[in-house]
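Chains A and B, in that order, are what the protein sequence lines are. Anchor point for the first sequence: position 741 equals 755 in our numbering, and the numbering is continuous, going up by one each time. Anchor point for the second sequence: position 194 equals 313 in our numbering, and the numbering is continuous, going up by one each time.
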Amino acid sequence: MKLNCAKSGFFLLLLTFCLFLLPQNSRAAVDESEFIIQNLQVQDIPDDDGSGLVVSWKPLPKEKRIIEYRIYRGITKDSLFFIGKIDVNVKTGVLGDEMYFYDTDFNYWLDTQARGHLRKEKGQKKGSPLYRRYPRDIKIVGPLLQHYDILGVIHEKDYYYHSRKIEVIADEDTTVYAGLKLREFDQMAKKLLPDHEYYYTIVAVNEARRYFPHAEPAIGIPRENSPEKTQEFYAVYAQDINRLQFEWSLPIFTDDIYYHRVYILEKKDLDKFSKYIEYIEEVEFNDMAMKKDSTIVALDKVIENPAQMIYQRYSSYPWTPSKTVYINIVDGKVSRDKPYPNIFTGEERDVNVDLDVNKIEDYYFVFSLYDHAQYETFSEVSSVDILNSSELPKIPPFKIKDREDDKGDYNNVMWGKPIVYLTNSTYLNESKTKLLVNYEYKTNKDYKIRNIFFKVFDESGNEIAKINEFYQDKKIKIKLPEDSDKTQTLFFEMTFKCNKDIGDDYILTQTLAFDEQTKSLYPSEIFLGDEDLLKYSYYIYKHNYYDEEWRISKKVAGTQREIFDNIRYLNSHFKLVKHYDIEKGLFLVRPSFSVSHLEDEMDKSVSSNLFSSEVENTLKTYKEEIAKITASKDTLETEEEIKNADDAIKDYEEQIAIMTTNPILKKAASIKNPKKRIKFLDKARHYAKNTFVYKIVKTDGKGHFSESEIYIREDIKPTDEKDKFFAYFLGFGKTHFHPRSNWFNKKMLPALITSLIFGLLVFALIKKAKQGKDLFIRPIAGIQEIDNAIGRATEMGKPILFVPGTSGIGDVATLAGLAILGKVAKKAAEYDTKILVPCRDYLVLPIAQEIVKEAHFEAGRPDTYDKGSVFFITTAQFAFVAGVNGIMVREKTATNFYMGMFWAEALLMTETGASTGAIQISGTDAVTQIPFFITTCDYTLIGEELYAASAYLAREPLQLGTLKAVDYLKVLILFFIITGTILSSTHLTFLINAFPEK
Amino acid sequence: MKRQIPLLIVIVLGFIFAIHTFVPHKVSSDFFDWYQTWIKAISPFMVLLGIMSLTMVHSTKIKRKVPNWQYSVVTMLALVGTGAIGFIWGTQEGTPFMWLFKNVQMPMGATMFSLLAFYIASAAYKAFRARSAEATVLLIAAMIVMLGQVPIGIKISKWIPEISSWILNVPNLAAKRGIALGVGLGMTATSLKILLGIERTYLGGGD
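Have a look at this one:
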């Protein structure tokens, strides 16, 4: 079609018309008051840590064509900042009567991508209190720090090396902070503060992105609540070993829970306990009322808890804490040598409870969650389930190993012997005599399965099949007798042959029972001896030097035999940001950071400081405080005052002892170079955090569990112990395991050997080619025809079209296509034929331009090079096709080349080319497009021929040598394929097992 | 120097990334991640190259009033207009940019894609003309495979779906794997040629 002015005018009109078709209805004048959000409410989220509010409102009807609701928050009504949005499907609208937005926990507050300056929200009237997101301006966000808990996420390098020492003097006290620019924070996250007022409003935005007036801001105050009630709690007493076992479920909100506790309660005290529960609920209700009404006074403590605490642990936040514990009863007592502390009240609770084991059923046990606000929530009381330890599951031995071939971020926890189980079955024929049974197997690095043996029996106990799975393809075929009952149950016995002996009595049994509903044989439970494997699951517990409390690494099914415990590299420090320096534009965080913890002393952190001078100052201050308190002790009168003074002195002395005797801190103090000192401390911190002790628990989820001892590696290499650095970590490599970064991926060994063989072949054959020896290369019609195709274009006086694929420069096929372009362009330049090269990738463009330009220079025709002949069309797949097809039709190209990677566009281009009568030569490694090219093009380079083309055309020894090397390597691969097939057909699987599975 | 420095960069980085394939160590993976961030930083400049090329080609066509130059005006208007709309009103849902994308570009792309159905029919006709023994085999195989995919196939014979899946899983898969093997080796050979500096066409031909 020839385009004239009238036609182009028509196109322009069409485009303008399209623009006018924009949703004009949504832009029309409307009554804005109809778009103001109604029923806006802000409420406290129950059972949380006092940082959650839920905003609710009535959504507008779908006729309003609302596309999103934007939520704004502020600490006053006068300035509210955009904090988030909820997208709405404009066609369906919101189906419910209410919409909710949960403002809870730490979430995005500020980062470097925020705007530099404060900006009013779009479409709001003058004087509107709405602003866009918080800006990077410290003058605006600095004062807001006191209204939120702001958590700064700082990359360790920024924290260690870019922190400025800032001294803040307040009330004659000087506090040193680390000052950081906003750009040095990866992000700042916010959490609402309990008992603070926050205002919220909502703005509706319609499909034309018109912002409607905001709703009247609503106020909300997050309140500290007691933790949610634990849903499940089980108590078990193993009478032969005098052991109490407890298992419980975990709450949803864990942020502010500090202690998990177990109490014992005599059944006769149940009423008293119920009254105590009522009383603490009343206290919480009264506390809430006191916050709203200052005239209400606190309740006196009138009721004591009749239950006695027998166990307490830290919540292990933010990790998932352990869910089980056992307590041994010794001499009719539950006791502990150290009291349990309460860091909020300072009190210490001794555990020394007399317990008559003969009347254990006279006791209830209760689990509680205790939070930062000192609220405690109790579970329902649980009676004890009495049994013998033989009824508890048997826990298999387990091992910890470093996962091989990784960058050092996984430990491999493995236990037990291999497991195989049936997963499904299908009849393969109508007469139901052929049954396909799918199976799954689980093993670990310790046991390499060689064979799986299946024995199948009918209901009468007759053996009907015996199968040896030497290659485990997870399916077996069983031939059933023609006259057998097709609804009868089939019994399976499964055993293994492994790299080491697993014992003759290790037999797994399972049945395939007829299911009336599906009319098929369905697998039942899996038994190992008498044990139902599906009844149990495993908890893998771990803790590090940094946190002595056990946490759950993973919970896995009873059929699992290993896990890879992910130990992530954490390069960030998480610091609360409370202060700022407006003059220097710095946010201030604490310069002290934990390196490790003291064993069994969770509240005793081994910490250091970014600034070594501060470590010395702190020591000095502690000593001065001790002297001051000691001097003032004589003036104290009451016993309590004296005790408090003694406790304070003890605390200071303990801190001094840690700072002066801890080997890591001592070593750090001896390093004078600040950078080296920080590097040492960071290394210690990394190992403290990423080195773990493990144990496993096998449980039915109801308190019937067995717990392993921690794993101790006996064959520890003496070199590990000798390493000076690891001497700081007691048990490193023996009880505590740190994953290792591997320097070679063993799975890649066959690939490496093949690459080396290939490299040697290339060198040998290049040498041979250089010596002038003839290297035979199979003629490829497509390549031989290139000259003729160019000649045809020259004769016709029409241009050549060359499409170098539609992939990027990172694709080897594109590079191969460009190599062919060089040869074609040179030939075209010699014949003075125009070549057009449309590109879909930005990076391919300049390379293609350079190749064509160089080809013209080489042909001695630099004057004929037109930079505009190699051009970019678009990255959009089908728009590119439209462009190329347009060129073919308009320019009437005589020869079309398609060389490189192609997708669905291949056929669209080549069919158009065929319809224009052009001679077409294509080459691709895209298997799915090859049939289309073969059908529509005159010649096609299939797969590897594309890569061989440039060498074929160049005929240089270097290129030919490489080409020939590929052929020889193919022979080698063919040898392995044939040998592997023959060997594995005769049950010899060593060769195929030598190659790693992908 | 113009060619030697890029060649050196390619060879050095090529070998580093080849080594990275065999070395899972943190040092190696950190280097790779660092390189990926560089790629992200370079990408916007590549867009600029494309826009410059497009502008140059089409402005020359308009200036020289070459045949069909009016198409170039439409292209330039679309380029400038879409860019301007995106910069002024943003690219979010509900903006004119998004409207253009959903109501102009997507339907036009879908139209081109839908043409493929007709082109496949045309290509199939060409391929299945039983002009030779090979083409006849192809035709029969195609008939069986197509019948095997639809319910009528099993109505004709219960063997059709089985033969269909056999054709797909045995000879077809064998051929595909054969091609894939050749492609893999070809890619390795080309990569090796680039690494060793044997293949330098991507630097602008010649040596």
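Even glycine gets a Cβ: it sits at the ideal position worked out from N, Cα and C. The model shown is predicted, which means the values in this text are computed figures rather than measured ones.
For the pair A:W564 and A:Y555, the CB atoms are nearer than the 8 angstroms cut-off.
In the three-state reduction of the DSSP assignment, A:T954 falls in the strand class, which pools E and B. Using beta-carbon distances, A:R223 counts as an interface residue toward chain B, with a partner under 8 angstroms. Three or more beta-carbon pairs separated by less than 8 angstroms link the region 422–436 of chain A to the region 564–580 of chain A, which places the two stretches in contact. Listed in chain order, the beta strand (DSSP E) runs fully inside the region 82–109 of chain A are 94–101, counting runs of at least 3 residues. For A:D696, the three-state secondary structure derived from DSSP is helix. Between A:F601 and A:L194, the CB-CB gap stays under 8 angstroms.
Neighbourhood of B:I298 in chain A, by CB distance below 9 angstroms: D939, V941, I944, I956, G957 and E958, in chain order.
When 7 angstroms is used as the limit between beta carbons, B:H139 is near no residue of chain A, the shortest such separation being about 10 angstroms.
For B:V289, there is no enclosing alpha helix (DSSP H), as DSSP marks it with neither H nor E.
Against chain A, the CB of B:N288 has no partner CB under 8 angstroms away; the residue lies outside that interface.
Close to A:W757, with beta-carbon spacing below 7 angstroms, are these residues of chain B in chain order: V142 and H144.
Across the structure, A:T509 and A:D515 are spaced so that their CA atoms are roughly 11 angstroms apart.
For A:F358, the number of other beta carbons within 10 angstroms of its own is below 16, and it is reported as exposed. Of all C-beta pairs linking the region 254–267 of chain B to the region 216–234 of chain B, fewer than three are shorter than 8 angstroms, placing the two stretches out of contact. Relative to A:I566, the option among A:I834, A:L264 and A:I726 whose CA is nearest is A:L264.
Residue-level contact check: A:G811 does not touch chain B, since none of the beta carbons of chain B fall below 8 angstroms from its beta carbon. Put simply, of A:I678, A:T674, A:I643 and A:D648 the residue whose alpha carbon is nearest the alpha carbon of A:D661 is A:I643. In this structure, the straight-line span from the alpha carbon of A:N465 to that of A:S999 is close to 14 angstroms.
For A:V817, no CB of chain B lies under 8 angstroms from its own CB, so it is not counted at the interface with that chain.
Residue pairing by DSSP places A:W262 opposite A:F247 in a beta bridge.
Residue-level contact by beta carbon holds for B:I239 and chain A, with a gap shorter than 8 angstroms. With 16 or more other CB atoms across the displayed protein chains lying within 10 angstroms of its CB, A:E925 is buried. Annotated as distal: B:L300 and B:F134, with beta-carbon spacing of 8 angstroms or more. By the CB criterion at 8 angstroms, A:E872 and A:K840 fall inside the cutoff. The three-state secondary structure of A:R754, taken from DSSP, is coil. Identification of chain A residues near B:M165 by a Cβ-Cβ cut-off of 7 angstroms yields Y856 and L857, ordered along the chain.
Comparing alpha carbon positions, the residue from A:F95, A:T808 and A:P793 closest to A:K134 is A:F95. Chain order gives no chain B residues near A:T126, where near means a beta carbon separation below 8 angstroms; the closest approach is about 15 angstroms.
For B:Q268, the enclosing alpha helix (DSSP H) starts and ends at A252 to Q268. With a threshold of 16 other beta carbon atoms within 10 Å, A:W757 falls short and is exposed. With a threshold of 8 angstroms between beta carbons, B:M195 makes no contact with chain A. Taking a beta-carbon distance threshold of 8 angstroms, B:G205 does not count as an interface residue toward chain A.
Around the beta carbon of A:L547, 16 or more other beta carbons sit within 10 angstroms, so the residue counts as buried. With a 10 Å radius around the Cβ and a threshold of 16 neighbouring Cβ atoms, A:M323 comes out buried. Going by C-alpha positions, B:T309 is about 12 angstroms away from A:G773.
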